[in-house]
Structures are given as structure tokens and as C-alpha cells.
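Mind the numbering: the sequence shown is residues -20 to -1, 1 to 247 in mature numbering (1 follows the signal peptide of the UniProt record, and there is no 0), read in order. Ideal Cβ placement from N, Cα and C applies to all residues, glycine included. Everything numeric in this text was worked out from a predicted model, so none of it was measured.
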Amino acid sequence: MKQIFKIIFFVSLMLSFNFANMIKDDKTTLQDQNLTKQVDELYKAIMADDYDKVKAMLDKNPKLVNLGNSNGIAAIPYLLSIEKHRLNLEIINLLIRKETDLSTKGLKEALAYIIAFNSYQDENLSIELTKKLILEGVDLRLLESQNLFNLLKIAYNFDNYELFKIYLKNGVDGRKFDISGSLIADILIIIDENGYSFDIKQPVSKELLEFVKSNEYKNLTYKKIRYLKELSKYYEIKDIHNVDFILKFAEKINDKNILKIIKNEKL
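And the structure:
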């Protein structure tokens, strides 16, 4: 009889133990499911460009930033999968401040490119974020071997001079940026918008030559010409992409500021 009671007691104990484990497992499963739902909700907020909701959710549970959603994708990789023009620099900044994991190979570099592509949103913030990535060990040179829009050209197009300087300082190869085409195109636009015409095959009009001498022209072209000057600090003039085209153009319109840079004279 005692043996029977021992068996009954043992079986009851095992059932109780298993039941407790089942409850614990169910509770853990529910918690995991709840977290996954929260992460999915977070990413919907990111997709909707809802900064306030993203911030509120991460303030409440910062760990969400490094958890995978229902597809197993973490925050920054998910962010990079969204169309580039839809990304919000403020949200990127928020995710980085919440100590998002950037250790995946190539992630910092991809993020640096996205920040450049969206730098028009906030010039100062794009500079701040790029500096953070540099501290995290981003290698901006890795982007050069990929089929991407040149970082220096992006900074030039958005007239983000400080970002341009940061790229050069941190190893982005300025010789791969065709500044000649960009600079000449911008100067031609300035000439046209001010009522003058230019034809490479025709002599330059006296009126245009006078305009090029004016302070108005110098002020309008200063912001663009300074990029050429910055490149000349890192490379010999002969190594700058298609510099001969800039030289011929500057000689034709007698742009003395460009000629001084190319001839390495002080402005």
C-alpha cells in the first residue's frame, strides 16, 4: 500500500512540475509574441515616418531597437530596406542614440550612404550622424567599390560643404568625383539665369566677360568653386578628374578665381 502511495505521490509531483513548466513556457511564448507585436508596431511607425511614436516606444522599451520583427529583421536593416528618399534623419538619429547594434558587416557603410542621400533634410544633423559613424569605425572607402552615387557628388549637389570636407578627410577618393562636369554645369546655369549666353565654339561676348569680373558673379559662384579648392588641398591639380576641361572653360570666360586654384595661386 505504501508503495502505491509513493507511486501516486511521484506521479502527482511530476504532473505538477510539468504543468508548471507548461505555464512558464506559455508565459514566455506570450511574452515573445507580445515583443514581436511591439517590434512590428515600431516598424510600422518607422515606415509611417512617425517620429513621436517611434520615440515613445523606444523610451518605454529601448531593447526593441535590436529585436527582430515577425520577419526576423532588426531596426536599422529594416530601415535600410525602405525606399531611400523616405528615410527620416531624425529617426535614424533616434535609433543610433538608443544604441542600435551596428556590428553587422557593411551596415555602417550602407547607413552612411543613406545619411548622405538624405542630408538635404538637415545639413547639421547629417554631419553629426556621419561623425558618429566614423567614431563607430565606418570605412567610407568601402562605398567606392560599389555601384553607388559618389558620396562627394552627393555632398556637392546638396551644397553640404562640411560633409564634403569630412568625406575627404576620412579617405573618400576625390579623384573619382567628376567635379569638372558639375562645376561647369552650375556656372553655365548661373550665366544663363543672369541673361547671358555661352557657346564653346563662339567667342565670349564682352558683356559676359564683364559679368564674370563682377562681384555678383563671384558671389554666385563662390560656393561651387570652393569645392574645387578643397580638392586641391588633397590632390595635385593634374590628378583631379577632367581638370583640363575646367581649365579651358575658365580660360575662355577668364574666371580668375578658378584659374588661381588650378595654377596653385593664393586666392
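Assign residue i to buried or exposed, taking buried as 16 or more other Cβ atoms, counted over all protein chains shown, within 10 Å of its Cβ.
i: residue 202; result: exposed
i: residue 37; result: buried
i: residue 242; result: buried
i: residue 32; result: exposed
i: residue 196; result: exposed
i: residue 204; result: buried
i: residue 234; result: exposed
Name the residue from the options whose alpha carbon lies nearest to the alpha carbon of residue i.
i: residue 194; options: 183, 218, 237 and 179; result: 237
i: residue 48; options: 181, 14, 225 and 101; result: 14
i: residue 157; options: 173, 174, 137 and 169; result: 137
i: residue 96; options: 56, 143 and 62; result: 143
i: residue 52; options: 230, 19 and 30; result: 19
i: residue 232; options: 183, 43, 34 and 59; result: 183
i: residue 215; options: 198, 55, 192 and 155; result: 155
i: residue 79; options: 229, 42, 204 and 117; result: 42
i: residue 227; options: 199, 161, 210 and 133; result: 161
i: residue 116; options: 92, 123, 101 and 17; result: 92
i: residue 82; options: 55, 102 and 101; result: 55
i: residue 120; options: 86, 210, 173 and 177; result: 86
i: residue 73; options: 62, 111 and 40; result: 111
i: residue 104; options: 199, 40 and 140; result: 140
i: residue 152; options: 177, 123, 212 and 192; result: 123
i: residue 285; options: 213, 211, 173 and 178; result: This structure cannot speak to residue 285, because the chain is shown only from -20 to 247.
Compare the beta carbon distance of residue i and residue j with 7 Å and say whether it is the shorter of the two.
i: residue 25; j: residue 34; result: yes
i: residue 90; j: residue 60; result: yes
i: residue 133; j: residue 113; result: no
i: residue 98; j: residue 75; result: no
i: residue 208; j: residue 171; result: no
i: residue 107; j: residue 67; result: no
i: residue 50; j: residue 16; result: yes
i: residue 23; j: residue 58; result: yes
At a cut-off of 6 Å, would you count residue i as near the ligand GTP, judging by its Cβ distance to the nearest heavy atom?
i: residue 180; result: Of ligands this structure carries none, so the ligand GTP is not represented either.
Taking 7 Å as the CB-CB cut-off, is residue i touching chain B?
i: residue 134; result: The structure shown contains no chain B; it is built from a single protein chain.
(request) Could you tell me whether the region 145 to 153 touches the region 161 to 172, where touching means 3 or more Cβ pairs closer than 8 Å? (result) Contact between the region 145 to 153 and the region 161 to 172 is absent, because fewer than three Cβ pairs lie under 8 Å.
(message) So, does the region 177 to 195 touch the region 204 to 219, judging by three or more C-beta pairs under 8 Å?
(response) Counting Cβ pairs under 8 Å, fewer than three are found: no touch.
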